[in-house]
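Last residue of the sequence shown: 414 in our numbering, with the numbers rising by one and none dropped. C-beta: ideal position from N, C-alpha, C; glycine also. Down below is the structure, laid out as structure tokens.
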Amino acid sequence: MRVLHLSDYALPDWRIEKSAISALNRNHQVFFAGLRSPITANNSRVFSKIYEIDWTPRARRAFPYYWHCVKKQLKKIVRETRPDIVHAHNVFSAKMVSEIDIPFVYDDHEYWPSYVRRQIESYESSLEQHNGNNDSPRMLMQKAILRLLNYRFLKLGLRWEKQLVSSAPTLTVSETIATELRQLGNIRKIFITPNFPMNDEIKDIQPPQFHKELNSVYAGIEPKNNTKIAHRNMEGFVDIFNRYDDIGNLTMIGIEEPSNNASSLSFSSDFSNARVVYRGYLPRHMMYQEMQNNSVGIVPFRKHWSHKYISPNKAYEYAHSGLIVLCASSLVPIKNILREYCITFEDYEDMISQLRDCGENMEKTYERRVGVYQFAKENLLWENYEQNIFDAYKAA
19 MRVLHLSDYA LPDWRIEKSA ISALNRNHQV FFAGLRSPIT ANNSRVFSKI
69 YEIDWTPRAR RAFPYYWHCV KKQLKKIVRE TRPDIVHAHN VFSAKMVSEI
119 DIPFVYDDHE YWPSYVRRQI ESYESSLEQH NGNNDSPRML MQKAILRLLN
169 YRFLKLGLRW EKQLVSSAPT LTVSETIATE LRQLGNIRKI FITPNFPMND
219 EIKDIQPPQF HKELNSVYAG IEPKNNTKIA HRNMEGFVDI FNRYDDIGNL
269 TMIGIEEPSN NASSLSFSSD FSNARVVYRG YLPRHMMYQE MQNNSVGIVP
319 FRKHWSHKYI SPNKAYEYAH SGLIVLCASS LVPIKNILRE YCITFEDYED
369 MISQLRDCGE NMEKTYERRV GVYQFAKENL LWENYEQNIF DAYKAA
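This is the structure we're talking about:
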């Protein structure tokens with residue numbers, strides 16, 4: 019079988035690549051078409067060929083000329099690759115391929131109603147921040163136009179997701195989202211593929227070792243352009259470890275150490291404290307090694323209404339590393355999946371209390387770490403769910 023993975027984003031995208039690897043392991047041929055990425059060459063071992071599609075902002079907003087230009091590019095790629103099925107990632111790619119006579123599945127990485135509501139909240143917050151600024155009439159007009167264009171983008175996504183889910187086989191990341199999607203129709207064609215690690219990623223991770231002292235880790239990415247994202251709000255998180263000396267040290271993976279005058283992450287007013295260590299970007303095998311030097315993996319996002327639709331990969335990477343997972347109680351998918359191996363907090367004061375409890379009984383903490391490690395190896399594997407991808411292909 020020939021599978022074309024279509025996205026209006028660029029590689030790397032680990033969910034896309036895992037889906038492609040699953041097909042490759044079953045002797046299928048896989049291709050990718052999406053935005054150009056400077057590091058797509060790293061994925062040549064997976065995809066037979068990578069195609070570039072010029073997904074401009076105007077194309078995403080479905081302005082007819084630009085939408086037609088993208089469709090023309092896609093038709094050319096389809097003629098060349100002759101796919102048996104298109105695996106369309108996210109709503110705009112799925113809508114595009116739905117207008118071409120070819121079988122496809124819709125991979126819903128992001129539950130669109132939740133995304134829309136978060137974006138509207140961001141717009142309103144931005145307006146409040148700029149309220150009272152002395153913008154020129156021209157600047158105010160430009161902001162109004164941009165806001166209207168963004169609302170068009172969001173409304174299209176809402177309408178198209180309903181159309182797609184009610185008609186096409188749909189893959190999504192959690193039972194919570196699947197439950198919502200089933201209400202749109204097409205109940206028998208909703209398939210779940212959680213964002214768990216692949217076996218090749220974690221097969222060499224050794225059982226956790228006992229730690230005499232408690233240390234914690236956070237793995238994430240730095241927000242771009244000082245952007246504040248409400249559902250990923252972790253303001254003051256690093257300050258906690260700088261202020262309290264009875265909750266252990268913190269390692270930050272994926273984030274570079276800020277300069278003393280930087281404020282990009284709004285994490286801390288004191289970056290000289292050695293109790294917080296920044297490791298920056300690490301290859302995945304090194305990331306897992308670094309995680310294992312700790313006892314607790316933290317998802318430090320403050321509670322937010324949209325968390326019931328969010329299932330961060332890092333929670334399951336922590337579990338495979340033999341870490342107790344600590345997250346807000348609003349992150350329902352994580353709690354439902356990890357069960358007793360997940361500790362939840364209501365606010366940061368509660369987080370501090372939970373960390374103290376872990377540090378006061380390191381033997382019990384170690385027992386739970388061994389338990390989550392074993393649980394993850396048996397249950398939290400991409401391969402346990404990859405058949406759902408091929409069932410969705412058959413349904414198409």
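Only residues of its own chain outside the window of five on either side were considered, and among them N213 have a CB closer than 6 angstroms to the CB of N331, listed in chain order. The Cβ atoms of R386 and I316 lie no closer than 8 angstroms to each other. For M270, there is no enclosing alpha helix (DSSP H); the residue is found in the beta strand (DSSP E) stretching over N267 to I271. V235 sits close to I271, with the two beta carbons spaced by under 8 angstroms.
Per DSSP, G52 is one residue of the beta strand (DSSP E) stretching across Q47 to L53. Per DSSP, reduced to three states, the secondary structure at D218 is helical.
The closest CA to that of L182, considering only Y327, I205, T194 and Y83, is found on I205.
Counting along the chain, R387 sits inside the alpha helix (DSSP H) bounded by residues M380 to N397. Note: L22 is bridge-paired with F49 and V104 in the DSSP secondary-structure output. Across the structure, E128 and W323 are spaced so that their CA atoms are roughly 15 angstroms apart. Separation of the CB atoms of Y84 and A77 is rounded to 4 angstroms, and the pair is thereby assigned contact status at 8 angstroms. The beta carbon of A41 is closer than 7 angstroms to those of V21 and V48 in its chain, skipping five residues each way along the sequence. Assignment of beta-bridge partners to T74 by DSSP yields no partner.
Here A28 is bridged, per DSSP, to L53.
L268 is not a Cβ neighbour of C376, given a cutoff of 8 angstroms.
In this structure, DSSP gives G315 an extended state, which the three-state scheme calls strand. Remark: C-beta atoms of A106 and L24 approach each other more closely than 8 angstroms.
Per DSSP, I205 lies in no alpha helix (DSSP H) segment and is marked neither H nor E. It is roughly 13 angstroms from the alpha-carbon of H86 to the alpha-carbon of S111. DSSP, reduced to helix, strand and coil, places F122 within a strand of the structure shown. Within the same chain, R136, F319, H322, S324, H325 and I328 come within 7 angstroms of H249 by CB-CB distance, once the 5 residues on both sides are set aside. Listed as beta-bridge partners of C360 by DSSP are V343. Take the alpha-carbon of G203 and the one of D119: they are about 22 angstroms apart. Rounded to the nearest whole angstrom, the C-alpha separation of S66 and F50 is 8 angstroms. When the beta-carbon positions are compared, R302 and E219 come within less than 8 angstroms of each other. The C-beta distance from P351 to T194 rounds to 5 angstroms, short enough to fall under 8 angstroms. L92: member of the alpha helix (DSSP H) spanning P82 to T99, first to last residue.
Rounded to the nearest angstrom, the Cβ distance from L199 to T188 is 6 angstroms, consistent with a contact under 8 angstroms. Annotation: the continuous alpha helix (DSSP H) that includes Y306 extends over R302 to M309.
Less than 8 angstroms divides the Cβ of Y391 from the Cβ of P225.
Collapsing the DSSP output to three states places R297 in a strand. Taking C-beta atoms under 8 angstroms as the contact rule, P215 and E404 fail to qualify, at a distance of about 12 angstroms. Per the C-alpha coordinates, the member of V388, K90 and N354 positioned closest to I223 is V388.
For N406, the closest alpha carbon among the candidates D72, T211 and P82 is that of T211. Shown here, T190 sits in a strand according to DSSP, grouped into three states.
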